[in-house]
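Student:
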Amino acid sequence: MDRTGMPDPLRSHGAWITLCVSTAVGTLSVERGFVELGLLAGTAFAGGFLALAAVSAGISRHRKRASLGLVLTGLSTAAALALGAPSSFLVALVAAAACGGLGLALARRRGILDPLTLAASLAPFTLAASGAALALGATPTHALTLFLALWLFACWRSLLVARTLHADAAWDRMTLRARGLREAAWSALWGIVVAALA
Numbered sequence: 183m184d185r186t187g188m189p190d191p192l193r194s195h196g197a198w199i200t201l202c203v204s205t206a207v208g209t210l211s212v213e214r215g216f217v218e219l220g221l222l223a224g225t226a227f228a229g230g231f232l233a234l235a236a237v238s239a240g241i242s243r244h245r246k247r248a249s250l251g252l253v254l255t256g257l258s259t260a261a262a263l264a265l266g267a268p269s270s271f272l273v274a275l276v277a278a279a280a281c282g283g284l285g286l287a288l289a290r291r292r293g294i295l296d297p298l299t300l301a302a303s304l305a306p307f308t309l310a311a312s313g314a315a316l317a318l319g320a321t322p323t324h325a326l327t328l329f330l331a332l333w334l335f336a337c338w339r340s341l342l343v344a345r346t347l348h349a350d351a352a353w354d355r356m357t358l359r360a361r362g363l364r365e366a367a368w369s370a371l372w373g374i375v376v377a378a379l380a
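In the numbering used here, the protein residues as written are 183 to 380.
In structure tokens, the structure reads:
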């Protein structure tokens, strides 16, 4: 934790894994298209995460991180659009920014393990699947289905972890890291299932 009292989101391996899995699921779920468009869309979401994480960890100390995130989002978005991605993927990007901001506000008011905070905070990561799929020309229905499949699963798993953390105060860093890696494996497996069924 830093001076804001909030943990640095960039140190969360689970957040990065969820973002990568979501981008891969969105990209692989569309049979046609220029795969790079999905990856560029996912990179735009990663840039947004960098920027929002800088706000969460204290913007005054992390201006470079915020700037890098905004530049990464802008360049990735511009490149995807220039290569022919439909602008509909911007809807998912804007929705992710709104959910991320809501998650940050809720975390400051209610704590990071609050169910509503977790639900709002997980949405931007799973929206990356929708953004990647839309960038490849998927229908809005397909993109929404991907989002719901990944988001509901991520919320369920996160609520289980939060309940365990509340019940057991004896967690140490190594135990928490091991649990995080196990959850990352579950996330990856579920992503494979969703991509195969989509």
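The C-beta atom is built at its ideal place from N, Cα and C for all residues, glycine as well.
1) Figure out for me which residue from Trp368, Ala223, Gly283 has the closest Cα to the Cα of Thr205.
2) Tell me where the alpha helix (DSSP H) around Ile199 begins and ends.
3) Run through the stretch 309 to 343 for me and flag every whole alpha helix (DSSP H) of 4 or more residues, listed as ranges in chain order.
4) Whose CA, out of Ser270, Leu254, Ser249, Leu232, lies closest to the CA of Leu326?
5) Does the Cβ-Cβ distance between Leu221 and Leu265 come in under 7 angstroms?
6) Is it buried or exposed for Arg339, if we count other Cβ within 10 angstroms and need 16 for buried?
7) So what's Ala352 in DSSP terms, helix, strand or just coil?
8) Use the C-beta contact count for Glu365: other C-beta atoms within 10 angstroms, 16 or more gives buried, fewer gives exposed.
Tutor: Based on what the coordinates show:
1) Ala223
2) 195 to 210
3) none
4) Ser270
5) no
6) buried
7) coil
8) buried
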